[in-house]
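Notes follow the structure.
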Amino acid sequence: GAVVSQHPSWVICKSGTSVKIECRSLDFQATTMFWYRQFPKQSLMLMATSNEGSKATYEQGVEKDKFLINHASLTLSTLTVTSAHPEDSSFYICSARDRHRGDADTQYFGPGTRLTVL
Amino acid sequence: QKEVEQDPGPLSVPEGAIVSLNCTYSNSAFQYFMWYRQYSRKGPELLMYTYSSGNKEDGRFTAQVDKSSKYISLFIRDSQPSDSATYLCAMTGGGADGLTFGKGTHLIIQP
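Sequences listed follow chains A and B, in order. The working numbering puts the first residue of the first sequence at 494, with every later residue one more than the last. The working numbering puts the first residue of the second sequence at 8, with every later residue one more than the last.
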C-alpha cells in the first residue's frame with residue numbers, strides 16, 4: 494500500500510515552454526500533497542504544500558506564478574513549471590500524506606520527475 | 008546553521024558490519040522523525056518513522072531519537088551490499104508541515 498506515482502518520469506523541454514508534472518496517490522486518499530525539488534548531490538527542498546480544494550502554500554523564495562500547483566482531487570496534484578529556464582532543471586519529487594493512517598505525518602514519495610530545460 | 012545537519016559521506020564499510028548514521032537538528036519544534044533510503048535518480052523510500060524520543064526496531068534497522076540532545080540515529084545490522092544507497096533523515100513538527108531533510112549520507116557496503 495501507500496503507492497505514489499509521478500508522470501512523466503523524465504522530460505526534456507526548450508527554454509520558455511511550460512511543463513506539467515502529475516502526482517497521484519494510487520491506493521489511498523491524500524489530504525495533503527507536497528512538492529520538493531532536489532538538485533544533484535543536494536537534499537530535498539520543500540517547494541510547496543498542496544491541500545485538496547484550496548490554494549497551495551509556497552515556501553519562501555519559491556515563485557508561485559512560476560510553479561503552478563493544482564490539487565483538484567484527493568488523489569491528484571499537478572505542478573506546472575511555466576516558462577521554464579535551464580536553472581529550473583532539477584529532480585522534482587512529490588509526496589502524499591495518507592489521511593486515514595494513524596501515523597498521519599508519514600509522507601510517501603513518488604519516484605520523481607527529472608526535468609531538463611535546454 | 009542549517010536546521011538539520013547530516014554528514015554527506017561517503018561512508019564505506021565492509022559487508023556484515025554495523026552501520027551508524029546520524030543527524031543533528033536545531034529546531035526544538037520537531038516531533039516526528041523519519042529515515043528514508045534513496046537510490047540514484049529515484050524517489051525516497053520510507054524506512055523508519057519515530058514519534059518523539061526513544062528507540063524503534065524493524066528487522067535489521069533501529070532508529071533512535073534523543074530530543075534532549077537533538078540527535079537522531081539509524082543503525083543497520085548485518086549490512087548488505089544492497090543497502091548501498093543515500094540515507095536521508097527527515098523531520099517535522101507535525102500538522103500540515105512538510106518535511107525538513109538532512110543532506111543525506113551516501114553509504115557504500117563493500118562485498
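Every residue gets a Cβ at the ideal spot worked out from N, C-alpha and C, and that includes glycine.
For residue 21 of chain B, the three-state secondary structure derived from DSSP is strand.
Residues of chain A whose Cβ lies closer than 9 Å to the Cβ of residue 109 of chain B are, in chain order, 536. Within the region 18-74 of chain B, the runs of beta strand (DSSP E) at least 3 residues long that lie entirely inside it are, in chain order, 18-21, 26-32, 39-45, 52-58, 61-65 and 68-73. Considering only beta carbons, the part of the region 49-77 of chain B lying closer than 8 Å to chain A consists of 49, 50, 51, 52, 53, 56 and 58, in chain order. In the three-state scheme derived from DSSP, where H, G and I count as helix and E and B as strand, residue 508 of chain A is classed as coil. Counting along the chain, the unbroken beta strand (DSSP E) around residue 530 of chain A starts and ends at 523-531. Residue A:568 holds the alpha-carbon nearest to the alpha-carbon of residue 544 of chain A among A:556, A:533 and A:568.
Annotated three-state conformation of residue 515 of chain A is strand, per DSSP.
With contacts defined as CB atoms closer than 8 Å, residue 538 of chain A and residue 529 of chain A qualify as a contacting pair.
Counting along the chain, residue 84 of chain B sits inside no beta strand (DSSP E), nor does DSSP assign it H or E at all.
Listed along the chain, the chain B residues whose CB falls inside 8 Å of the CB of residue 605 of chain A are 48, 49 and 50.
Beyond the five residues adjoining it in sequence on each side, residue 576 of chain A comes within less than 8 Å, by CB distance, of 509, 510, 511 and 559 in the same chain, given in chain order.
In the displayed model, residue 580 of chain A falls within a helix according to three-state DSSP.
The straight-line gap separating the alpha-carbon atoms of residue 75 of chain B and residue 506 of chain A is approximately 48 Å. Contact check between the region 11-25 of chain B and the region 571-588 of chain A: fewer than three CB pairs, one atom from each, fall below 8 Å, which does not count as touching.
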